[in-house]
Amino acid sequence: MGRAPCCDKSKVKRGPWSPEEDTTLKNYLHNHGTGGNWISLPTKAGLNRCGKSCRLRWLNYLRPDIKRGGFTEEEDNLICTLYGTIGSRWSVIASQLPGRTDNDVKNYWNTKLKKKFFAAYNMNLASREFPASVPKFESGTPQDHGTSSSCFDGTLPYLMDVSLGQSFDQQKQISQFSHSNFLEVNDFGTCGSKSFTNISSSQEASSLPTSSILGLENNYTLWSGDESGALTDYGFEPPADALLGNFGY
DNA sequence: AACGACATCAACCGCCAAGGG
DNA sequence: CCCCTTGGCGGTTGATGTCGT
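See the structure below:
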């Protein structure tokens, strides 16, 4: 027996969202929040859409803090470094790129960065006898590359500056983005890693939703991976565990 | 101008894990 | 425990745009 679908696909609208639907969803979320239930949200909001579709539309497109436009070189480098270390954990990678969604990062990787990544990698292989296997971490344990391992056959150029084909300072790059070990957590998605000071001092902070507006409490909770123990242990072997530790995971 | 190839990205699919009853 | 619902995630698809011939 197959798994029951989350909604009746034949009765809900699919495909691209209209501006009217976007407005309806935004207005509803602004006034009521998710109510902790995306599945029932479209009915309450008067949308003939699947709840999952509403959630995706909000997270990937309608959220006010979405950053649109091209990725910077620093973002490129960070994505490549993280991909080389933890694999295709797009939500984790996106959490280190404020304003970027996992879908954005995934699309960007698949359409552009992947080629750049391997072009730089091949260049390194040809010019500098880049080792066929890269045991950079002192632990000596095999790397866990997540679901992407088959793509690499165990070989990862994760210390490479893809734009320059030069050695890449992983810790430096990561520190530029992770700011601190605090993660922003809210009810509207997993994206957005910002330091407390960034949230509290920026103009963005003043525009953050209050619990009354969005029907939420503790919209922004600060978690420290070292201290709270609240964050998931993803079960990575070193070095991924060590790297994720930099982000509070 | 017309056409095909390629690139982009929004949206969907299906699986998995968490949590509540 | 077990089952069910839901949220979250990564992989994939398909519509649309852009470029080259």
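Residue numbering for the first sequence follows this note's numbering, beginning at 589 and increasing consecutively.
In this text, a Cβ means the ideal position worked out from N, Cα and C, and glycines have one as well.
Query: Who are the near neighbours of residue 633 in its chain, counting only those whose CB is closer than 7 Å to its CB and skipping five residues on each side?; Result: 612, 613 and 616
Query: Out of curiosity, what's the CA-to-CA distance linking residue 643 and residue 597?; Result: 16 Å
Query: Drop a sphere of 10 angstroms on the beta-carbon of residue 707, count the other beta-carbons inside from all chains shown, and report buried for 16 or more, exposed for fewer.; Result: exposed
Query: In the structure shown, what three-state DSSP assignment does residue 646 receive?; Result: helix
Query: Suppose the cutoff is 7 Å on Cβ atoms and the five residues either side in sequence are ignored; what does the same chain contact list for residue 694 look like?; Result: 678
Query: With DSSP run on the structure shown, which of helix, strand or coil describes residue 685?; Result: coil
Query: Given that a residue counts as buried once 16 or more other Cβ atoms are within 10 Å of its Cβ, and exposed if not, what is residue 599?; Result: exposed
Query: Just to check my reading of the structure: residue 687 and residue 654 have Cβ atoms closer than 8 Å, yes? What is that Cβ distance to the nearest angstrom?; Result: 6 Å
Query: I need the boundaries of the alpha helix (DSSP H) containing residue 629, first residue and last residue.; Result: 629-633
Query: Can residue 647 and residue 699 be called in contact, C-beta distance under 8 Å?; Result: no
Query: Rounded to the nearest angstrom, what separates residue 664 and residue 681 at their Cα positions?; Result: 11 Å
Query: Quick one: grab the DSSP three-state call for residue 672.; Result: helix
Query: To the nearest angstrom, how far is the alpha carbon of residue 658 from that of residue 697?; Result: 12 Å
Query: In angstroms, rounded to a whole number, what distance separates the CA positions of residue 645 and residue 630?; Result: 12 Å
Query: Alpha carbon to alpha carbon, how far is residue 626 from residue 676?; Result: 26 Å
Query: Rounding to the nearest angstrom, what Cα-Cα distance links residue 604 and residue 692 in this structure?; Result: 17 Å
Query: To which residues of the same chain is residue 639 closer than 6 Å at the C-beta, ignoring the five residues directly before and after it?; Result: 626, 627, 629 and 630
Query: Does the Cβ of residue 637 have 16 or more other Cβ atoms within 10 Å, making it buried, or fewer, making it exposed?; Result: buried
Query: Over what stretch of residues does the alpha helix (DSSP H) that includes residue 693 continue unbroken?; Result: 690-696
Query: Please confirm whether residue 610 and residue 666 have their CB atoms less than 8 Å apart.; Result: no
Query: Considering only C-alpha positions, which residue in the set 685, 660 and 656 is nearest to residue 670?; Result: 685
Query: For residue 608 and residue 624, what's the separation of their Cα atoms in angstroms?; Result: 23 Å
Query: For residue 579, does the count of other Cβ atoms within 10 angstroms reach 16, so buried, or fall short, so exposed?; Result: Any property of residue 579 remains undetermined from this structure, which presents the chain solely from 589 to 837.
Query: Taking residue 652 as the reference, which of 618, 601, 701 and 702 has the closest Cα?; Result: 618
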